[in-house]
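Below is one structure, written out as structure tokens, with a few remarks after it.
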Amino acid sequence: MRILGIETSCDETGVAVYDADSGLLANRLHSQIALHQAYGGVVPELASRDHVRRLLPLVREALAEACADPASIDGIAYTAGPGLIGALIVGAGFAKSLGYAWGKPAIGIHHLEGHLLAPLLEPRPPQFPFLALIVSGGHTQLVDVAGMGRYRILGESLDDAAGEAFDKTAKLLGLPYPGGAALAALAELGRSGAFAFPRPMLDRAGLEFSFSGLKTAVRVALRGRALTDALRADVARGFEDAVVDTLSEKCRRALRLSGHRRLVVAGGVGANRRLRERLRSVAQESGAEAFFPRPEFCTDNGAMIALAGCMRLAAGADAAVAPAARASWPLGEDATTGG
Ligand code: KG4
Ligand code: ZN
């Protein structure tokens, strides 16, 4: 089975070809960061328009890279949600039209399912079942993954997602959007312990997260102070330490409570070096093994959607009942209900 994957849920246009026997044959990405940077965040209307512009050329490039013609493609997988509704509709309409023209099924994929399956693109993939930590710009969730499509959310953020907290704090430090990776780079120059920011929700039992207070603590710490390079670096380091401590402690608890022996980390914040290091130790101390996608498969990409589509179609998923596009779609909820 060979699947064309299409990702357009936010500000990256991703197109990839995944083959069940040979693995990933092509992976193309166009990032819209430059388009949105002047606005300090993603402008939904501009994102949709740019996806329209980029999709066809990227599909042509991906098919050429894979040395695949449309006849060799068995299905088209697209991100059906959650995400920016206009951006999702562009991808869904494009994928369904391509499916009609090629006479192939088009299947809608849950964006977070794509993320949590991304480590399966690596040479040493995790087996089911596993515990997944999804840390992206829109979500922070601990998920019990019993098998393909069998997801139970164990805990999630009550307010900001971890990536959102990184981006908002980066903005406070004068870094351009999206600031997660830039903040992490700045933190490398800072001193650990110069700022003691709170570790939200660690004093309470359970697997819930909360990051909005942390961002406020950063704002308060910066109030009335000159934003020197040294201060910015120390604050970045203090913030990153607090997020890494919080996420890793909740993972330790979740491993203990669930009894899982495998921890999968996915989503954009999963690219963070310090978080990866710490989670590797936490897994080891808990008698478990940690699995990470390579950094470019942590952030949004078409490869994870092509892989998820391949696994869904191989498991007998019915493309006819796939949702077109859903801005909001809780992981684990039946695709055909709600939204
Ligand atoms: O998964 P993703 O590409 O998009 C969503 O589905 O949301 O995640 C994007 C998020 C952004 O908030 C970005 O700032 C953050 O991931 N991010 C990072 C790093 N690289 C990307 N956060 C911390 N450290 C990084 N190295
Ligand atoms: Zn994502």
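Numbering-wise (this note's numbering), the sequence shown opens with residue 513 and increments by one.
C-beta: ideal position from N, C-alpha, C; glycine also.
Can you pull the DSSP bridge partners for residue i?
| i | result |
| --- | --- |
| A538 | V529 |
| L775 | L643, A802 |
| G620 | Y590 |
| S669 | F721 |
Would DSSP call residue i helix, strand or coil?
| i | result |
| --- | --- |
| T520 | coil |
| R664 | strand |
| Q549 | helix |
| S543 | strand |
| A706 | coil |
| G686 | coil |
| S609 | helix |
| S793 | helix |
| S840 | coil |
| R737 | coil |
| R711 | coil |
| R514 | strand |
| E634 | coil |
| A829 | coil |
| E845 | coil |
| R716 | coil |
| G675 | helix |
| L474 | Given that the chain is displayed from residue 513 to residue 851, the structure contains no residue 474 and the question cannot be resolved. |
| H769 | In the sequence on display, residue 769 carries Leu and not His. If DSSP states are grouped into helix, strand and coil, L769 belongs with the helices. |
| G615 | coil |
| A834 | coil |
| L600 | helix |
What does the alpha-carbon distance come out to for the pair residue i and residue j?
| i | j | result |
| --- | --- | --- |
| A745 | A783 | 19 Å |
| P594 | I601 | 11 Å |
| D741 | A697 | 13 Å |
| F804 | G771 | 19 Å |
| G686 | A733 | 15 Å |
| K762 | G615 | 46 Å |
| A795 | P631 | 16 Å |
| P710 | A674 | 14 Å |
| I515 | I597 | 24 Å |
| A583 | G844 | 33 Å |
| M713 | A574 | 44 Å |
| A836 | S521 | 12 Å |
| D523 | F809 | 15 Å |
| G799 | V833 | 41 Å |
| A604 | H563 | 11 Å |
| T728 | A613 | 51 Å |
| I646 | N813 | 15 Å |
| R786 | E752 | 8 Å |
| G692 | A766 | 25 Å |
Can you tell me where the beta strand (DSSP E) holding residue i begins and where it ends?
| i | result |
| --- | --- |
| T591 | 587-593 |
| T652 | 652-659 |
Could you please give the first and the last residue of the uninterrupted alpha helix (DSSP H) stretch that includes residue i?
| i | result |
| --- | --- |
| V564 | 556-577 |
| A729 | 724-734 |
| G649 | Note, G649: premise wrong, no alpha helix (DSSP H); not H, not E. |
| A693 | 692-699 |
| P582 | First-last for P582: undefined, no H or E at that position. |
| G821 | 814-826 |
| P807 | 807-810 |
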